[in-house]
Each structure stands twice: as structure tokens, then as C-alpha cells.
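Colleague: Chains as they are written, first to last, in my numbering: chain C, 1 to 83; chain D, 84 to 166; chain W, 167 to 934; chain R, 935 to 1173.
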Ligand SMILES: Nc1ncnc2c1ncn2[C@@H]1O[C@H](COP(=O)(O)OP(=O)(O)O)[C@@H](O)[C@H]1O
Ligand SMILES: [Mg+2]
């Protein structure tokens, strides 16, 4: 089976996110004052061959821990879908 | 109401994504040969005051069209959740 | 001993919800019994938790220099060129025409070991602030880096992350990186070194010092909001890396170079417009050290209300606000009548400036939080009364025996093939992979960028320029700290002089292990003795610097690495001398004396797998004459190129000159005859020995007589070795002819590092 | 005298350099703040290099909305000369004054080095003093310099002769490779249909003085000052 994995890697709460800050300012200058708490991270998408969804998820988690997310500064969130 | 919006901005399919390629290579070097089609984009998260979910989504879509994504090279995907 | 005056301090209350001060809490704050006793005596009561945090920060090694101060006092720090010696945010030297140069180096080793990208980036941010808070516009950055060997993935990851962090920050702020050094050795695995240096220009009349003055004056927090990041950074920098450091990870500081650029412009505008009394970076130990140190320098007290400090998160305690190391923040002192104008300037640069306190007349460092006094400490004693230690210094038996050892193994390859192997070693190979990631031309003043002996920049609107470099051969320091210390200063001075500039002064970054270990303290004391002697001999005073102790990891202490940052004056910048052969048909000359000393050499390390032996001794008088000769010859326009022989010896220096600059279309060969040069020296030592004080020159043959005359006048040995030309480096010596195709040398030299770093960005975890 | 407005965005860092280079050719060069809407009778506008708004999100994406950009749009629409250098080029693309985008360098690293480019058009307000085919050595310094556009846009740029600068093709086997970022068709600079708006990645202002060892960039400024060969739709620069 092939699964498609979506990972959202976000700066850890409490850490400064200068990029999010700048975008929040820009949005409000553009008339989107109602937007707040902007945070910017990475979206990673990949296809994965695995025997089951839970297997796919476990592998994807390992990839995040080892490579895709920086455990010092980032948290991540996984979604797995059949493809 | 406050809504939390998650935006995934991805490089348009067909475009070279050197970052995705580099990560794919690294994954396979780390023993994750089963991963393929790696693409890397931006994950944006923000909170939004709006009167309804559809209103929130419409506003978020405007933000994407205007600022958050570059229509020449990027596609985006919205998710809105109540918060 | 200071502080026998009246003990006792006004009362302070615990902040609601704060932990009690227990012996355990004291230990966690890295304060020993002696120090805690001193605190009790000085306050005349038990400290509050907030106060304990304040003491812990200011009495950390990083802020108090408690193990190094007596040794640092031995440095020469004066001279007619010194405008500002050690003690301020940066040292300042006088230049012609009312100009002055501010410069400083700073370590960010421990943060970079945990998070290489942000650690390095914030290191650059901090050193930039140190320079622009003096009223100087930053015009150059340099960096001195050390990592474990590149065959280890974790080291590659650290190297890649650090270089990217250094680059991204400096590039964004718009300050060119003009030079630096990188070296790799096993001792740095687990404890990389990241030292950043900044050089700034100012009108001498604009110099501003970080001394709070004027009772009633207002303290303002300018720049970024205060978050929970980096709390305990200063004491973190003052302990060994261990498993426990891992637990401190969430305290990583994130840099925002964009805000830094705004802060830079706003600060310079505030200073040159005369709107403010004093300004200081909230660096290590944040608001605490900046306010306490400014008050102590001004001989006044301060009162801060942490409740007024703009924070990034809700509910931060005074303890957290005082000790936060959030980046891109400044503390500014202004008279009450100027506050509104200060705020207007900051607003123009999209920065906030918030009054958070005032200068007082009672000498107390007082902190309130919405009216509740949570800390009240006699300010001068807080800054001055940390106990000073005089650790035992004893060279280890092992170090002594390494010095008298000889290589046990035969060479891996013959003398001919050794050259390519040396050029392929990351320590000697071109660092183009590194400096290409650094903007080296922004500000449009770069006369000589990285890739030569020293960077050179012009001072716009004048005829003169500055040469800048940072150097240290840690292998020499490890084998013989005294000679190694001398050698580091001598190499820096030689690099500056090779461009034609006269060495003016230094800043130093002293990276060592745990000073409580006698062999480490011996290294420290002896290296400093060498540095002090060399600086005295060259008339290059020490204007400031940084001590980084506790550079140890589970695998042991690092090689002692006192990086020397030097600035030199090039009176006519268009006379700058590059490092590489310029054209065929020039004379090739060798300056200095060759004895063929291989102790501590790269040749022994790389080709015979041996680090040891007696290192070459630096003849400071001869070095000084050599520098004077170079400056005089360059000033008269007699030199086409000059390159010093350092790691790899004379042959590597010749090869580098022939290989050419990083973007030359091709190299320039040479035909050389060394039969009559140093006839008693064995060929191995002649080619690869690392005697100090030698330089490879090229010059128009028509200037040969003038150069010979000048060399005689300076009593510097000068040997005419041959001519540039052809596509080979050909060398006749000891009845042999050795020849290398220059193209074949270029490849390993430029490819050595990129080849090893192909996929390094993705290697974080591979080696964990 | 020629009026040259150099726009300063928060985070611009080549503004001083650009100003100085324009002054050395005798222009009356001045800084216009990103929040201003008046270009003060500018004959030419230069968007300098740097990191406007930190280059956060995408290079140039936020700067494009600065109030001053409306004035720049009008100036360009009237045929006025506009030069975007590096970050300025990125802003011009984001503002749709030029087609395409500048993506992350193919090598994924920031690249700072001299590159060799050839001049392909001399009928712009900034390249009139060069010859077609002339080879220049100019510094680049960018992380996002890989020019990219849809295939039909690229075809159109070539067909209409709108490529102004091109990196010299890689020298086979040499460790020194001129195309620093993998940009499509080695494009280093383009112009708009009217020819009055030009965007380039290399930094001519850093190569406009012999003491710096590179002086090939001076022609951009002398061309501008001379107000030489004019594209048909552009207004004639006052001298
Ligand atoms: N970390 C670095 N940052 C910038 N430039 C560097 C760095 N490391 C080395 N360089 C540059 O590479 C060149 C060679 O450096 P190095 O090997 O230390 O030579 P040398 O022994 O002559 O001092 C110098 O121009 C130096 O400035
Ligand atoms: Mg050096």
C-alpha cells in the first residue's frame, strides 16, 4: 500500500517566530487585522510504501524524529492518508 | 468566534523542488528508502476572528491570494477549525 | 579583597509563588559555598530567589571572569592608538582623520553545540550589538570555527548548521564577512567552537560609553519583546556540556536579523544625534547584566520595574524577565526630557522604546514588579565582589612527553605525493565552501575578500583601509601553550602585514577547558603569557576579548584555542597586496629563515599520523622586522603578492600562491631553485616544516634591487627562488626535481570540503 | 541633473552602496522611505538589494505592499526607468512589474561570489553604455536567485528579447561555475515589455570602483546618467 503523509513542522511554542511576526504585521497592514497568533513552519508531503496505516505512521514518526523536525526548536504533527 | 486556520502552501507540481529532493536523498541515506515524492512547502497557522466558519474561510482565502502564496509557483490548501 | 564596607542591604520580598532559596537551589544556580557566603555577608540577609538568579548570572564565569581576571591583567592594553581598552562593549583604536575602529570577538560555543544554526546566528547578532552600541557602524564580520573531523556525520551537521547560521544573520543585517578560519580536530567533537568577530567604524567624537549617569535619568527597553528564551544562558556558558545540557534545550534563543538591522539603524541614529546618555546590549544575562554593569560603570544605582518590560508571553516572573536572553534588545539611558524624541526615532524604525526604570542615587540595584521590591542589592558589590580564584596550574605529564616524542610511523606517501594529500585535508584546503555562503561584498567596500591572508576594506571617503584577520593554530597551543600563544599573535600580525597593513591591536577569544583542572589552567596561563609578550613586541595592545572556559564534553577538553582577532591600518588602500601570484614572469622570493622544524606540523599530523614534537619557537624581534619590511615594501608598491607560510609549511604556501584566488580562471606556475636555500635542512623539513616568520613574495624583477636593499635595511633574510610562469610548480632542491601540475593541485584544494559536505544539511541525527 | 530615487524598505541593506554609486556618475541620488508616496521628480528609481522585511515568507512578498510601491507602479507605467537589484528584482517580480519568480538557489545555499554574465540588451536605460555580448564580472550575493517562469513566459521572454543579462554557461569541468543558482536559461536579468523596468540579480553597485578590483558594474550607472539608447515607449530622461 502507498500512503501519503503530510507533516506540519512548527516552531515550538514560546520560541520567537520572527517570520510569523512579520507576516502578522503585513496582514494587518493589508486590512486583515482580525488575524493573530501567526506562526510559520514547514509543510512536508511524502509518499510512503507500508503494510498498514499504523505502520506508515510509525515510520513517518521516525523520519520526523530523525530528520524532518528539529527536536530542539520544533514540534510536528502527522497526518496519514491512503493514496 | 475565533477560528484556527491552517494553510499548506506547496510548490506547484512539476516544479523542481531541490529542497524536497535533498530531503528525499537524506531519508534514503538514513534507511527510509520507502519514502518518495517528497515535497516541501510552508505551513502557516493563524487565529482568526470571524462570524462563521465560511466567513473565516473566505477571509483566509483572500489572505492566501494576496500574500501567503505566490500564484505563479505555489498552490495552497486551507483547513479551518473552531478554537 | 574588596567590599569590607558596611554589609547590609534594603529588604526585598519573595515574589508570590516563588520557590524558597534552599541549598539545592543555590547549587542549581552554580554558586558554591564561598560565593553564597559572600552573598549573605553582602546583603546582611538571605537573598530572594530573584536575587539568587541575579547573583548567579553576574557571578557566572562568563560575566565575572572569576578564574581569568588576574591573568588577563597581564596583557598590554595601552598605547597612543588606544581610544578604549578592555572593559567596554568593544575596544576602540584611533585611525587617521578623526576616524576610529571598534572591534570585538565573542564566543557562542555552547549554544551552537545544542542548536548550531540559532547558536551561531545569535552569536553574530550579539557581537554586532557590542560594536554598534559603541556608536560604530559595523563594516566587517569574521568568524573562527572549530569542529570534530568531517568523517563524522554529526560534525558535518554542526559545521553546516553553524556556517548557515553565521551567514544568514550577517547577510541579512548587511555586514560583509571578510575572513575567518575553520579547523577540524578530534578534541572538538561534541564541543565545537563558534567565535564571531565584528569590526565597526566611527568618528572618534561619536564614541559613547555604556555608563549610566545622571540621577533621575530614564532607562528604556528598546527592540524585541522579552520572552522565556535563553534563561540561564550565561551560567550555561560556564559549565561543561553533559547529558544535563540536553534538558536545557527549550531555552534556545532564536535570532531575528531583520529586527537587528532596524535596531542597528535606530541605535546609530540615537547616538549620533546625541539623544541618549548611554546604551548597552542586553546580551548574556540580559537585562540583569546590562543594567547592573551600566550602573556600576556610572557609579550610580538603578531601579527597574519588571512589570513595565514588554514581554512576549503572559505571566512572566521578575526572575524570568531579568534573566531572559531574548535577542535584539537594548537598554538605553536618556534624560527625561529626551524620552519622547528617543521614542520617535525608534518608532520610525518600527521599534518600541519603553521606559522601565530610572537612575538612582543610592547605589542600589533595585528591582520592583508592579511596586513590590523583589531585589535590592548594593550595585557596585554585585558587579565587583564575586570571589576571584587563582587555580593551580600544572602541566600534565602527558603533554610534556608528547613534546619530546617523535613520529613512530613512516610517511604514508612520499614527499611528492604528500602535497596533494595536504591540500585535500580540510584544515588546509580552500574554505571557499564556507565563505561563499557569507556575503563578502555588501557595503561595496571590500578590497580583498576572503580567500587570502587577511580581508581588506576601504574606509569610504578616505585613502586608507583596514586589514582584518582572526588566527590560531590550536595544535601548536596544545603542544606548547606559551609558544602557541605567541604564534597565534604572530600569525595574525603576519597575515595583516602581508596585505601591506600595519598591525594596530588585537581582540582575543580564549577558548579553553575547565579552569579548575590544573593542566587546563596551565594552558590558559601560559598561552596568555605568550600572547602578552607577542602583543608587547608588536605594539598591538589587547583592546578586549572574551574568555570561554568549560569547553569540555564527555570525550574530554578541547585543544586550547586562543583565537586572535587583529586589525591593521593600510595607509593607502590601493596599495593592498593580494596573496596569490599575479602573472608569469615575476620574481618569487622567500622571506625569513627556514630551519625545517616539523614539530606540531600538519605534515606530521596528516602524513605520519602524529601530533607531537617540539613546536617552532617564534622569534618576536625577527617577526617584527618582517612585518615592518612588508609594510614598507607594500607602501612603495614593490610587491605583486605576499603569502605567509603557516600550516603545511613553505611548499603549501607556494602551492597556494600558484593555485590562485578562488575565482581565478587558472593558476600561475613557477620554476624555483632551492638548491642553495637552507642547504643544511633536510628536504622533508624544508618543504613541510612550519618555522614561523616566513613569507612567499612575488615582485616585478625590475624591483629586485630595491627589495634586496629594503630587506638588508630591515635585517630580514630574503632569498630569490625563481620566476613565476608555466603550468607547473617546479622545484629543484637537494639534487632532486619535484614538479606538480597546478591544475592537478587546484582540484583537491577546492573540492576537499564540498566533497565531504555534499549532503550535510540533512545529517543531524545520523550520528547521534 | 538626473534625479535618482533609491527606495529604502525596512531591511534594505544596499541602499547606501547604490546611492554612492549613483552619485559617482553625477546623479542627484536620494533615499525615498518605504512609507512615502512621492518619488520627488525621480527620473530613475532603484530598488536596492537587501532583505526587506527579513525576506520572511518570500523574498519581496511583503515589501511589495509598501505605500511607495504604488508610486513606483505609476512611474513605471509612465515609462519611467526602474532598476531592481537583487532584492529589488525579487520585489519587482512579486509586484508583477516583471514576470516570473526568484526561487531558492538550486544548491540550497546562499551564494556570494563574482560571476560572469553577458549583456544581451543595450536598449534599456541601464545598459546603454555596454555592447551586446559584452562579458562582465559582477558580484552576486543571494539565497533566492533562481529565476523561474512558466514555460510560455520563458519562451516569450526569449522571443521578445527581454533577457538583459545571462550567466555565462558553466565551464565544463571547472570547479568554478558561473551560474550560481540554477536559474532557467541562465537568466540573470530581464526587462519588461516596455524595456524601462529592469531586474537583475548581480550587484553592479558593488563593482563600480576600480579600488574594489571589479569595475564592470559602473556601466549601469553611467548608462542611467547618460539617458542613452531609449526603448521606444520610455520617456526621455532629463539630463
Ligand atoms: N570561517 C571563515 N569565514 C570566512 N572566511 C574564512 C573562514 N575560514 C577561512 N576563511 C578564509 O579562507 C582563507 C584561508 O584561511 P586560512 O586557512 O585560515 O588561511 P591562513 O592560514 O593563511 O590564515 C582566508 O582568507 C580566510 O579568511
Ligand atoms: Mg589565517
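C-beta atoms are modelled at their ideal positions from N, C-alpha and C, and glycine is treated no differently.
Is the number of C-beta pairs between the region 551 to 565 of chain W and the region 875 to 887 of chain W that are closer than 8 Å three or more?
Modeller: No, the region 551 to 565 of chain W does not touch the region 875 to 887 of chain W.
Colleague: Do we get a CB-CB distance below 9 Å when we pair residue 25/C with the residues of chain D?
Modeller: Residue mapping note: residue 25/C aligns to position 25 of the first chain, counting from 1. Output row for residue 25/C: interface = no.
Colleague: Using the beta-carbon count (16 or more within 10 Å), is residue 495/W buried or exposed?
Modeller: Residue 495/W sits at position 329 when you count from the first residue of the third chain. Buried, because 16 or more other Cβ atoms sit within 10 Å of the Cβ of residue 495/W.
Colleague: Using C-beta distances below 8 Å, list every residue in its chain close to residue 284/W, excluding the 5 sequence neighbours before and after it, in chain order.
Modeller: Locating residue 284/W in the third chain gives position 118, counting from the first residue. Within the same chain, residue 284/W has close Cβ partners 277, 331, 418, 419, 420 and 421.
Colleague: Is the CB of residue 16/C under 9 Å away from at least one CB in chain W?
Modeller: Working through the first chain from its first residue, we reach residue 16/C at position 16. With 9 Å as the cut-off, residue 16/C counts as an interface residue toward chain W.
Colleague: Using a Cβ cut-off of 9 Å, pull out every chain C residue sitting near residue 393/W, in sequence order please.
Modeller: In the third chain, the residue the question calls residue 393/W occupies position 227. Here the neighbours are 14, 15 and 16.
Colleague: Using C-beta distances below 6 Å, list every residue in its chain close to residue 89/D, excluding the 5 sequence neighbours before and after it, in chain order.
Modeller: Sequence index remark: in the second chain, residue 89/D carries index 6 (1-based). Correct list, in chain order: 128 and 162.
Colleague: Among the residues of its own chain, which have a CB less than 6 Å from the CB of residue 617/W, if the five just before and after it don't count?
Modeller: Taking the third chain and counting its residues from 1, the one referred to as residue 617/W is at position 451. Correct list, in chain order: 827 and 828.
Colleague: Using a Cβ cut-off of 9 Å (strictly closer), state whether residue 479/W contacts chain C.
Modeller: Your numbering for residue 479/W matches position 313 in the third chain. Yes - at least one Cβ of chain C is within 9 Å of the one on residue 479/W.
Colleague: Decide if the region 599 to 611 of chain W is in contact with the region 795 to 812 of chain W; the criterion is three or more beta carbon pairs, one per stretch, under 8 Å apart.
Modeller: The region 599 to 611 of chain W is not in contact with the region 795 to 812 of chain W.
Colleague: Looking at residue 821/W: is its Cβ nearer than 9 Å to the Cβ of residue 589/W?
Modeller: As a working note, residue 821/W is residue 655 in the third chain. As a working note, residue 589/W is residue 423 in the third chain. Against a cut-off of 9 Å, the Cβ pair of residue 589/W and residue 821/W comes out as a contact.
Colleague: Check for me: the alpha helix (DSSP H) holding residue 594/W runs from which residue to which?
Modeller: To locate residue 594/W, count along the third chain from 1; it is residue 428. Segment: none, residue 594/W is in no alpha helix (DSSP H) and carries neither H nor E.
Colleague: Is the number of C-beta pairs between the region 7 to 20 of chain C and the region 37 to 44 of chain C that are closer than 8 Å three or more?
Modeller: Yes: the two stretches touch, three or more of their Cβ pairs being nearer than 8 Å.
Colleague: Given 8 Å as the limit, is there contact between the region 432 to 450 of chain W and the region 234 to 249 of chain W, that is, 3 or more CB pairs closer than that?
Modeller: no
Colleague: According to DSSP, simplified to helix, strand and coil, what is residue 193/W?
Modeller: The count along the third chain starts at 1 and reaches residue 193/W at position 27. Residue 193/W sits in a helix when the DSSP states are folded into three classes.
Colleague: Run down chain D in chain order and give the residues with a C-beta less than 8 Å from the C-beta of residue 43/C.
Modeller: Stepping through the first chain from its first residue, residue 43/C is reached at position 43. Under the 8 Å cutoff, chain D gives 91, 92, 93, 123, 124, 125 and 126.
Colleague: To the nearest whole angstrom, what separates the beta carbons of residue 1119/R and residue 1099/R, a pair I think is in contact under 8 Å?
Modeller: Mapped onto the fourth chain, residue 1119/R falls at position 185. Mapped onto the fourth chain, residue 1099/R falls at position 165. That belief does not hold up - the Cβ atoms of residue 1119/R and residue 1099/R are roughly 12 Å apart, past 8 Å.
Colleague: Candidates 956/R, 992/R and 935/R: which alpha carbon is nearest residue 22/C's?
Modeller: As a working mapping, residue 22/C is identified with position 22 in the first chain. Nearest of 956/R, 992/R and 935/R to residue 22/C, Cα basis: 992/R.
Colleague: What are the residues that DSSP puts in a beta bridge with residue 265/W?
Modeller: Looking up residue 265/W in the third chain gives position 99. Answer is 369/W.
Colleague: Give a yes or no on whether 9 Å exceeds the smallest Cβ distance from residue 427/W to chain R.
Modeller: For this step, residue 427/W is matched to residue 261 along the third chain. Interface residue, yes.
Colleague: Give me the chain C residues within the contact set of residue 991/R, using Cβ-Cβ distance strictly less than 8 Å, ordered along the chain.
Modeller: Here residue 991/R refers to the residue found at position 57 when the fourth chain is read from its first residue. In chain order: 19, 22, 23, 26 and 40.
Colleague: Can you list, in chain order, the residues of its chain whose CB lies under 7 Å from that of residue 1134/R, leaving out five sequence neighbours each side?
Modeller: Position 200 of the fourth chain holds residue 1134/R. Within the same chain, residue 1134/R has close Cβ partners 1019, 1023, 1098, 1099, 1122 and 1123.
Colleague: At 4 residues or longer, what runs of the alpha helix (DSSP H) sit wholly inside the region 460 to 546 of chain W?
Modeller: DSSP runs (the alpha helix (DSSP H)) wholly in the region 460 to 546 of chain W: 484 to 489 and 505 to 514.
Colleague: In the structure shown, what three-state DSSP assignment does residue 1076/R receive?
Modeller: As a first step, residue 1076/R is located in the fourth chain; it is residue number 142 there, counting from the start. Correct three-state label for residue 1076/R: strand.
Colleague: Counting only beta-carbon atoms, is residue 1003/R nearer than 9 Å to chain D?
Modeller: Taking the first residue of the fourth chain as position 1, residue 1003/R is located at position 69. Not one chain D Cβ lies under 9 Å of residue 1003/R.
Colleague: Ends of the alpha helix (DSSP H) at residue 1003/R?
Modeller: What you label residue 1003/R is simply residue 69 of the fourth chain in a count that begins at 1. Segment 1002 to 1011, the alpha helix (DSSP H) holding residue 1003/R.
Colleague: Any Cβ of chain D within less than 9 Å of the Cβ of residue 57/C?
Modeller: Position 57 of the first chain holds residue 57/C. Not one beta carbon of chain D lies nearer than 9 Å to the beta carbon of residue 57/C.
Colleague: Is the beta carbon of residue 543/W less than 9 Å from the beta carbon of residue 209/W?
Modeller: Taking the third chain and counting its residues from 1, one reaches residue 543/W at position 377. Taking the third chain and counting its residues from 1, one reaches residue 209/W at position 43. Yes.
Colleague: Do residue 237/W and residue 741/W come within 9 Å of each other at the CB atom, strictly closer than that value?
Modeller: As a working mapping, residue 741/W is identified with position 575 in the third chain. As a working mapping, residue 237/W is identified with position 71 in the third chain. No, the Cβ-Cβ distance between residue 741/W and residue 237/W is not below 9 Å.
Colleague: Cutting at 6 Å between CB atoms, please list the residues of its own chain near residue 789/W, excluding the five before and the five after it.
Modeller: Locating residue 789/W in the third chain gives position 623, counting from the first residue. For residue 789/W, where only same-chain residues beyond five positions count, the Cβ hits under 6 Å are 656 and 859.
Colleague: Since residue 673/W and residue 734/W are thought to touch, with beta carbons under 8 Å apart, how far apart are those beta carbons, to the nearest angstrom?
Modeller: Position 507 of the third chain, counted from the start, is the residue given in the question as residue 673/W. Position 568 of the third chain, counted from the start, is the residue given in the question as residue 734/W. That belief does not hold up - the Cβ atoms of residue 673/W and residue 734/W are roughly 13 Å apart, past 8 Å.
Colleague: What does residue 72/C reach in chain W if we use C-beta pairs closer than 7 Å?
Modeller: Numbered from its first residue, the first chain carries residue 72/C at position 72. Chain W residues near residue 72/C: 280, 281, 415 and 418.
Colleague: Pick out whichever of 771/W, 800/W and 770/W has its Cα sitting closest to the Cα of residue 745/W.
Modeller: For this step, residue 745/W is matched to residue 579 along the third chain. Among 771/W, 800/W and 770/W, the Cα nearest to that of residue 745/W is on 800/W.
Colleague: Would the beta-carbon of residue 96/D be found less than 8 Å away from any heavy atom of ligand 3?
Modeller: Ligand 3 is absent from the structure shown, which contains only ligand 1 and ligand 2.
Colleague: Please tell me whether residue 50/C has its Cβ less than 9 Å away from any Cβ of chain R.
Modeller: Along the first chain, one-based indexing puts residue 50/C at 50. It does not: the Cβ of residue 50/C has no partner Cβ on chain R nearer than 9 Å.
Colleague: Comparing C-alpha positions only, which one of 1131/R, 1012/R, 1064/R and 1009/R sits nearest to residue 1032/R?
Modeller: Position 98 of the fourth chain, counted from the first residue, corresponds to residue 1032/R. Per the Cα distances, 1131/R.
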